[in-house]
Amino acid sequence: MAVAKMKKVTLLGHCSVKPELTRRLQERGLIQIVSARDEAEDATPERLAAHIHDLELAIHKANFMLGFLGGFATEKRSFIRSMMTPRVYVTRAHYEMIEGKIPFEELYERCEELDDELAAQRGTRGRLSAQAESLRPWLDLDVPLSAREGTIGTALLLGFVPAASIEAVKAELAEAAELADLEIVDETGQQASCAVIVHSSAADEVQGLLARFGFKAAPIDAGLQQRPGAELDRIESELTELGAREKETHERAVKLTALLDDILVLRERLQDNHDRAAVEERFYHTDQAFLIEGWARASDLPAVTEVAGELAPAIEVAATDPEPGDSPPVELDNPRIFRPFEALMRLYGYPNHDELDPTVIMGPFFFIFFGMALGDAGYGLVLALACWWGIRHFDLQGNVKNFMHLLMYGGIGSILVGVLTGGYFGIDARELPQVLRSIMLIDPLNQAMEFMIIAIMLGIVQVILGVILEGVDAARHGDWATAIFDQGTTVAMLVTAILSFVGWITLTVAGKLPPALEAIYGPALMGLGLSAALLVLLQGRVHEGFGPALAAIRGSNEEDVAARGRAKVLADGVLGLGLLLAIYAWVATFFALGAARGIAGQALLVAAIAGLIGSPIARSSLGRVGSGVFNLYGMSGFIGDFLSYARLMAIGLATVLIGMVINLLAKMVFPAPYVGLIFGVLLLVVGHTFNLVINLLGAFVHPTRLQFVEFFSKFYDDGGEEFAPLAIRTKHLIFVPEKG
Amino acid sequence: MAEPTVILGMTGYQWALLGGGVAAIGGGIGSAMGITYAAQVGAGILTEDPDKFGGLLPIVAVPGTQGIYGFITAVLVLIFFNLLGGKGADIAARTGVQIFIACLPVAFLCCVSAIYQGLTSAAAAGMVARRTQEAGKALILPALVETYAVLALIVTILMLLSIRASIA
């Protein structure tokens, strides 16, 4: 369990080898280059800026082509594959030579042409369809549309009147204007289309009259001159012709989709070049030399030296340890078997570079908790196999692959828990074969309480482990006082409190204690009293303990000594040490006395508490005792943390119960004649799949929450920046070895 | 004192059914409402960017668990007291009322927590819209709300167990 050790690397070299160096570093993914140069210091060299600009333009063009041609891809993809990023298998040589293999600019122009052509065709189609639509109500009009222009003496109005008022219009028109004639062309719809011929002199009057009835002029293009029927025939033949042209353009585009993979490879290549140029932009440089600063894994140092050596003597390498102010990027370095759990670390946020990496400790808990939350060997097997198959079949990579491995582990955990709890696709434990029943430890349905207690016990172990980890972390940084006074008292308090509670509840329920518990009950109670007293005294401490005292003796703590006086610092230290010894002596006494819980032990307890309260530390702490009491009150939060693990029982039971219901329903369906078998099997398959998927969500979310909220909150500091070396980063390409 | 066969006009069998029913109803209503909130936001995001489907689906589905808890409670009542085996008539009126009371934590808490979890999920879905790579973190926040539905389920299960133990 570790955060990988990082080294600060400085490379100084001659400008002539810069491109070659960055290329090699990128290929091997060795160094995360730190933005070293101050932006304002000097501008990016002209040449580099232009290069970056060109690359950006080319990437933009490639993206356009991918988007455009992607729309024409005919290859059928399954639902799952269509949700995944498209990928191309490519050899390293092909990748490196890709620029020369496809006529990029020419291809781009062809795509642009096609795009323009299609847009023009779409426009034409839209216009023609609108014209055709506008002509349809006038097909019975046996007059050329050019007549709309009118003659010297007459005007022709074409338009729509609401069908309901057509008779009224007719009547009113006949009355008001003799020099007008209205002819109905089509009155099948809500709006009747009608043609009105009117003498020029009455035109204004008639138009006014028609407007009152809601007359709307027909939206027929002025360019249409023939009879509506003839115009429509012409437009339709034009549309047919257009269709053929569209099809032809479409086919040309489809032909180009054969190059989609190569364009994708090229785009990735361009992106990598761009990454490299963007990094080069951040180098320190003079006319002749450049300087790179960055982080590399300590284990990669030989490789860095090797790369530099290949370009010697133009390159000089120096590596140093991180200095106190530095915050190196973080890479987790765990045994292979624990790596899937790193997915959870990534989810929460990588640890601070100075923090412990809890992956190895968290992993087994997640494994068991996931197993308990799914809690069925059948579902576990299906899940594990599905993940395994998914990884193989879809050739998953990177984070997704890691996550699938995590789920696969969860599946295996479920198999384990399922076997121990007799969970096989929700089959009733009583109907299981004898051999399976014999390896059952617990029946969660009928022993829900016991199952819950197991879950809470695991939770207690994990939470206390979290507190211990915080102490280990403090000790690792030399802060032994915090480790012993804070985490030490907390752990002592938790352990004694739990033992006391177990003893008390057993005594209350059963009336007497089993011998083992009887032996520890008394000491546990006394320990609880002692640790509570110590917790109040120590966690509200004002003294600095023996650490600063030692430093004062060594003379490395002069500031503190000057501020508080040497004698006082030393006295504090002696008292701190004395107190520590007292605690150990106290614990040792109980071990020595064994089961002694008579008057002697209790007197000892009273004496110790009285002594503590009377001691100088305690007296000086009295002013701060409020803070200690507050911490004691804070201990109640642990109760909530422990009980939170009870959820594993409820969620595990959920899977079992729904599975049982599905089996029950199937059992009712099976006896039905002929279709019973088919429907029953269908019900089982669909039902159990549904149950697995739904409970998978809970089985992942809740154990994850337990890690994050209950466990991590005790010790974990995130805020580490993930190590991201300059490398060939591609989600779309998978490099395969050369054939032959 | 004679054991009453009917309490408030209902037999033990009816009380037990009422309890299981109320639990299923409460959880179902809550989940339906909760998922609606989350799905509305999710649909809006998918209109803009259909690729986020994978990240959004779990977040939208999370408020659905309360409906399942309600369902489980109903099933537990049916199984524990052998209602499926046709032994419903054997349940004393007093036991029936106890079963009904035991179902109430799930009925209330699953309903309310699912609705609020839906609101949280809707906000978390917005988070996925802006930062897809944080979909995992966005899933944990609504899960915090669910704790109380799970606790209610635990309480209900323990109560049902104790009732069963008392009549055995």
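Those sequence lines, one after another, are chains A and B. For the first sequence, the residue numbers in this note's numbering are 1 to 740. For the second sequence, the residue numbers in this note's numbering are 741 to 908. Beta carbons: idealized from backbone N, C-alpha and C, even for Gly.
Identify the residues that DSSP records as bridge partners of residue i: which are they?
i: Asp181 of chain A; result: A:Ile197
i: Tyr284 of chain A; result: A:Leu291
i: Gln191 of chain A; result: A:Pro162
i: Pro351 of chain A; result: A:Asp718
i: Lys8 of chain A; result: A:Trp295, A:Thr320
i: Lys216 of chain A; result: A:Phe160
Please state if the CB of residue j and the CB of residue i are separated by a distance shorter than 8 angstroms.
i: Ala842 of chain B; j: Gly759 of chain B; result: yes
i: Val304 of chain A; j: Ile31 of chain A; result: yes
i: Leu824 of chain B; j: Val817 of chain B; result: no
i: Pro813 of chain A; j: Val185 of chain A; result: Past the edges of chain A, shown from 1 to 740, lies residue 813 of chain A, and the structure says nothing about it.
i: Arg92 of chain A; j: Phe735 of chain A; result: yes
i: Gly426 of chain A; j: Asn663 of chain A; result: yes
i: His285 of chain A; j: Ser327 of chain A; result: no
i: Asp272 of chain A; j: Gln121 of chain A; result: no
i: Thr896 of chain B; j: Pro845 of chain B; result: yes
i: Ala180 of chain A; j: Val198 of chain A; result: yes
i: Leu232 of chain A; j: Ala147 of chain A; result: no
i: Thr496 of chain A; j: Ala516 of chain A; result: no
i: Ile98 of chain A; j: Asp262 of chain A; result: yes
i: Gly720 of chain A; j: Tyr350 of chain A; result: yes
i: Gly214 of chain A; j: Pro162 of chain A; result: yes
i: Val656 of chain A; j: Leu528 of chain A; result: no
i: Leu494 of chain A; j: Gly503 of chain A; result: no
i: Tyr654 of chain A; j: Ile839 of chain B; result: Position check: residue 654 of chain A holds Ala in this sequence, whereas Tyr was assumed. No.
By the 10 Å Cβ neighbour count, where 16 or more other Cβ atoms means buried, how is residue i classified, buried or exposed?
i: Thr508 of chain A; result: exposed
i: Trp389 of chain A; result: exposed
i: Asp641 of chain A; result: buried
i: Leu441 of chain A; result: exposed
i: Val307 of chain A; result: buried
i: Ser414 of chain A; result: buried
i: Tyr645 of chain A; result: buried
i: Ile152 of chain A; result: exposed
i: Met668 of chain A; result: exposed
i: Glu310 of chain A; result: exposed
i: Ile769 of chain B; result: buried
i: Tyr754 of chain A; result: Residue 754 of chain A lies beyond the residue range present for chain A, which begins at 1 and ends at 740; the question has no answer from this structure.
i: His688 of chain A; result: buried
i: Gly752 of chain B; result: buried
i: Ile439 of chain A; result: exposed
i: Val461 of chain A; result: exposed
i: Ser621 of chain A; result: Per-residue confidence for Ser621 of chain A stands at a pLDDT of 47, beneath the threshold of 50, marking its modelled position as unreliable; the derived number appears in the next sentence. Burial call: buried.
i: Glu293 of chain A; result: buried
i: Pro19 of chain A; result: exposed
i: Gly623 of chain A; result: Confidence in Gly623 of chain A is poor, its pLDDT being 48 and thus under 50, which makes the residue's placement too unreliable to answer from.
i: Tyr716 of chain A; result: buried
Taking residue i as part of the alpha helix (DSSP H), name the residues at either end of that continuous run.
i: Arg729 of chain A; result: First-last for Arg729 of chain A: undefined, no H or E at that position.
i: Val254 of chain A; result: 228-256
i: Gln207 of chain A; result: 203-212
i: Ala778 of chain B; result: 752-788
i: Thr359 of chain A; result: 359-374
i: Thr805 of chain B; result: 805-820
i: Thr74 of chain A; result: Where Thr74 of chain A is concerned, there is no enclosing alpha helix (DSSP H), given that its DSSP letter is neither H nor E.
i: Met493 of chain A; result: 489-510
i: Gly309 of chain A; result: 301-310
i: Ser853 of chain B; result: 833-870
i: Gln225 of chain A; result: Gln225 of chain A -> no alpha helix (DSSP H), and no H or E assigned at all.
i: Thr22 of chain A; result: 18-28
i: Ile799 of chain B; result: 793-801
Over the uninterrupted beta strand (DSSP E) stretch that includes residue i, give me the two end residues.
i: Thr320 of chain A; result: 315-320
i: Tyr89 of chain A; result: 88-91
i: Gln32 of chain A; result: 31-33
i: Lys935 of chain B; result: This structure does not reach residue 935 of chain B, given that chain B is present from 741 up to 908, and the question cannot be answered.
Length-filtered (4 minimum) alpha helix (DSSP H) runs lying within the stretch 377-452 of chain A: 377-393, 398-421, 434-438
Entirely enclosed alpha helix (DSSP H) segments - the stretch 638-720 of chain A, minimum 4 residues: 647-669, 675-705
Note down, one range per segment and in chain order, each alpha helix (DSSP H) of at least 4 residues found wholly within the stretch 119-177 of chain A. 166-176
What residues in the stretch 853-884 of chain B have a beta carbon less than 8 angstroms from any beta carbon of chain E? Annotation note: the requested chain E is absent from the structure, which comprises protein chains A and B.
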